[in-house]
Every structure is written in C-alpha cells, then in structure tokens.
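Asks:
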Amino acid sequence: MRNSTQLERYKRLIAFLEENFKEDINIEKIEAVCFYSYRNINRIFQALHNETIGKYIKRLRLEKAAQYLLYADISVSEIAYEVGFEDRAAFSKAFKTKYGCAPSVFRAQNESLLDAMRQSLLPQADQEREVLSFETVYLPDFDYIFLEYRGDYQDLSEINTVWKELEAYATNKELLSERSIFMTEIIDDEQITDHIHSRYNCAFILEKPLDFMPEGLFRTKSHSYQKYAKFVHEGAPTSSVEFYNRIFAFWMEEVALELADTSILEFYPHYSESTSPDHMLTEIYIPVQ
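Numbered according to the working numbering, the sequence shown spans residues 1146 to 1434.
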C-alpha cells in the first residue's frame, strides 16, 4: 500500500467516484480510470477504504438520497432516479436495509425531529429569539490541497493530527505563506453518515498551481464559482454543532434559500494559536442555488 503507483491510481479512482457516484459506473469505466484490472484495484480500494468499490458507491447513493429527503422538496421517485436507482422498489428496499425504515417514513420522522428541535431552541414565551444573521456571497474559482480525515467530527484531537500532517507537508514543500488561507470541506452529514465514514477535508488554498504531483494521500481539488449563505460562529469548535442545528432547524423560515448539492466550507479568519477557543471565529459557507 506504500507503492506510489497504487496510491496515485487509488486517488484517481476515488476522485472519479466522488464526482460520478450517481451515474452508471461499470467495471470498464473503473478500469479505464485507474489502469488496473477491477479485481486488483478493488483489493487496493478495500484495503485503503475498508469497503469494496460497489459498497462504497451504494452507500454514497443512499446517503445522498437521505440528504435529499431531509432538505429537498422532491418526491421519493425523483430522489431514487436522481441518485442512480432506476427502480423505486429497489431503492426503497436498499434504503430500508440501511436506515431501518422506508424513505417516506424517514422523511416524516425527521420532520418531526426538526419540529422538536425548533421548540427546544425557542426561548421562553416572554422573550424574543434572536433571528439568524447571514449574508449571501459568492466564492470564486480556486484550487486547494487537502488531506482527508475520516471519523467523528467531534474528535478534535484526531482532526488536529491531520491538520499538523498537512501543515508539515506544506511547509516542507514551501507552499505556505503569511497569505495562506486555511479551510475545511465538510463532505458528509453526521446525521446520515456513520462516524467511520464521515469525511472532513483539512485544506488550504493554493496561491499558484502545483508543479508536482502530491505524494501519499495528499490531493488537490478545484472549487468552482458558487453562491453561499455565509454565517459566522464565535466560540470553540465543539459548540458549532449547536450552531449548525439552529441554522438548519430554522432554515426554511429564516433563510428560505434552496440548498445546492455541494459541500459546506469553513474558513477561520484571524486565527492563531494564541486565540482563545471562546473567541474563535468560524465562517460557515452553506451552498445555495
């Protein structure tokens, strides 16, 4: 697994799957992307990712379907087709196997949970709840280098280890400067994806294109011009979960923007190691249409 050729082929394959998992992906396409036989690349993939390629694709499709059920106002049949299932019955069966209930029940249960969350976040009747503050912004095209963390988003110690590994690599490659902008790309929703598979990319924006291929599991990615609802959270990272809950509990009422099908980004302005956790600022960019 330390073979650089194997790692490069794995990285090429994983990028392809992340971008195309909702499409028809067959053995021929996989072999064309990674230049390995399906049998061999599947062994490498399973060793690095703890699941086969087929299970990975199916899991991503079902998790994306769960996101649509939570946040999109479209029918179950439309969702099934959107995530790559041509047959609604097959989709419903696969969804029930993973989440323990039919898609329509999952949607209804989570609407009830949202109602309960809204009530828990409301102050006493004689007080006025502070309305969410946000602005609509556009982020331009840019490239970034990242290292993926996979696990519990609240495990700050392990996440910090990934950050230090990224920073050490970037320092060694002379990629950092005083102007460097650090960010995270939050791929998965922990309400939907289990902790073992939740992906969180520690990254920073590249000031110019790389003149080398990143080694190991470091990868680069391009961000395309996108509209966002920007929120600012002040406080320790551990308190951001509550802030996110508040955002999504009142999203329809106070934000009223259609969510876009891409990742949430976080930026950390004015951060230094001397910054008190209680005064740490996190800019949260939620993609919208």
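Ideal Cβ placement from N, Cα and C applies to all residues, glycine included. From a predicted model like this one, the values you see are computed outputs, not experimental measurements.
Between the C-alpha atoms of Phe1287 and Ile1172, what's the straight-line distance to the nearest angstrom?
Replies: Spanning the two alpha carbons is a distance of roughly 32 Å.
Asks: If we require 3 or more residues per run, which beta strand (DSSP E) segments fall completely within the segment 1277 to 1306?
Replies: Taking only runs of at least 3 residues, the beta strand (DSSP E) segments lying wholly in the segment 1277 to 1306 are 1280 to 1284 and 1287 to 1295.
Asks: If we ignore side chains and look at the alpha-carbon of each, how far apart do Ser1252 and Leu1215 end up?
Replies: One point to set straight first is that residue 1252 is Arg, not Ser, in the sequence displayed. Straight-line Cα distance between these residues: approximately 6 Å.
Asks: Counting pairs of beta carbons, one from the segment 1196 to 1214 and one from the segment 1224 to 1244, are three or more of them closer than 8 Å?
Replies: At 8 Å Cβ cutoff, the stretches touch.
Asks: When the Cα atoms are used, what is the spatial distance from Glu1163 to Ala1225?
Replies: Taking the straight line from one Cα to the other gives about 18 Å.
Asks: For Lys1353, count neighbouring C-beta atoms within 10 Å of its own C-beta (all shown protein chains included) and say buried if the count is 16 or more, exposed if not.
Replies: With fewer than 16 other Cβ atoms within 10 Å, it is exposed.
Asks: Select from Leu1266, Thr1150 and Asp1218 the residue whose C-alpha is nearest the C-alpha of Phe1395.
Replies: The option with the nearest alpha carbon to Phe1395 is Leu1266.
Asks: Quick one: what's got a C-beta closer than 7 Å to Leu1207's C-beta in the same chain, skipping five residues either side?
Replies: Counting only Cβ-Cβ distances below 7 Å, and skipping sequence neighbours, we find Ala1239, Phe1240 and Lys1243.
Asks: Please list, in chain order, all residues of the same chain as Pro1285 whose beta carbon is under 7 Å from its beta carbon, the five residues on each side excluded.
Replies: Answer for Pro1285: Tyr1370, listed in chain order.
Asks: To the nearest angstrom, report how far apart Lys1156 and Gln1264 are at their CA atoms.
Replies: Their backbone Cα atoms lie some 44 Å apart in a straight line.
Asks: Taking 6 Å as the limit between beta carbons, can you name the residues of its chain near Ile1198, skipping five residues before and five after?
Replies: The residues are Asn1187 and Phe1190.
Asks: Hey, out of Phe1279, Ala1315, Ser1278 and Asn1305, whose CA is closest to Tyr1289's CA?
Replies: The option with the nearest alpha carbon to Tyr1289 is Ala1315.
Asks: Write down the C-beta distance between Met1440 and Ile1350 rounded to the nearest angstrom, noting that I regard them as a contact closer than 8 Å.
Replies: Beyond the ends of the chain as shown, which are 1146 and 1434, falls residue 1440; an answer cannot be given.
Asks: Return helix, strand or coil for Cys1179, following the three-state DSSP convention.
Replies: In this structure, Cys1179 counts as helix in the three-state DSSP scheme.
Asks: Hey, out of Val1282, Ser1343 and Cys1347, whose CA is closest to Ala1313's CA?
Replies: The shortest Cα separation from Ala1313 among Val1282, Ser1343 and Cys1347 belongs to Cys1347.
Asks: What is the residue span of the beta strand (DSSP E) that Asn1165 lies within?
Replies: First-last for Asn1165: Ser1149 to Asn1165, but that is the alpha helix (DSSP H), not the beta strand (DSSP E).
Asks: Taking only runs of the beta strand (DSSP E) that begin and end inside the segment 1297 to 1369, which ones reach a length of at least 3 residues, in chain order?
Replies: Whole beta strand (DSSP E) segments, 3+ residues: 1327 to 1331, 1344 to 1350 and 1364 to 1368.
Asks: State the CB to CB distance for the pair Ala1374 and Ile1431, rounded to an integer number of angstroms; the pair is presumed to be in contact (CB under 8 Å).
Replies: Confirmed, Cβ separation roughly 5 Å.
Asks: The alpha helix (DSSP H) that contains Val1377, what's its start and end?
Replies: Per DSSP, Val1377 belongs to no alpha helix (DSSP H); it is in the beta strand (DSSP E), Gln1371 to Glu1379.
Asks: Using alpha carbons as the reference points, say which of Ser1278, Glu1168 and Met1262 lies closest to Glu1387.
Replies: Nearest C-alpha to Glu1387: Met1262.
Asks: Can you find the residues in the same chain that come closer than 7 Å, C-beta to C-beta, to Thr1338, ignoring five residues on each side of it along the sequence?
Replies: So the list reads Glu1208, once near-sequence residues are dropped.
Asks: Which residues share a DSSP beta bridge with Thr1407?
Replies: In the DSSP output, where bridge partners are listed per residue, Thr1407 has none listed.
Asks: Determine the direct distance from the alpha carbon of Pro1422 to that of Ser1302, and round the result to whole angstroms.
Replies: Cα to Cα, the separation comes out at about 14 Å.
Asks: Any idea what DSSP makes of Glu1275, helix, strand or coil?
Replies: Correct three-state label for Glu1275: coil.
Asks: In the structure shown, what three-state DSSP assignment does Pro1414 receive?
Replies: Of the three classes helix, strand and coil, the one that applies to Pro1414 here is coil, per DSSP.
Asks: Who are the Cβ neighbours of Asp1300 in its own chain at under 6 Å, not counting the five residues just before and after it?
Replies: For Asp1300, where only same-chain residues beyond five positions count, there are no Cβ hits under 6 Å.
Asks: Among Phe1363, Met1425 and Ser1384, which has the Cα closest to the Cα of Leu1152?
Replies: Answer by Cα proximity: Phe1363.
Asks: Is it buried or exposed for Gly1229, if we count other Cβ within 10 angstroms and need 16 for buried?
Replies: So Gly1229 counts as buried.
Asks: Would Ile1326 pass as a contact of Tyr1389 if the rule is Cβ separation under 9 Å?
Replies: Cβ distance not < 9 Å, so Ile1326 and Tyr1389 don't count as in contact.
Asks: How big is the Cα-Cα spacing for Glu1411 and Lys1200?
Replies: So the alpha carbons of these two residues sit roughly 29 Å apart.
Asks: Is Tyr1283 near Lys1372, with beta carbons less than 9 Å apart?
Replies: In contact: Tyr1283 and Lys1372 (Cβ atoms closer than 9 Å).
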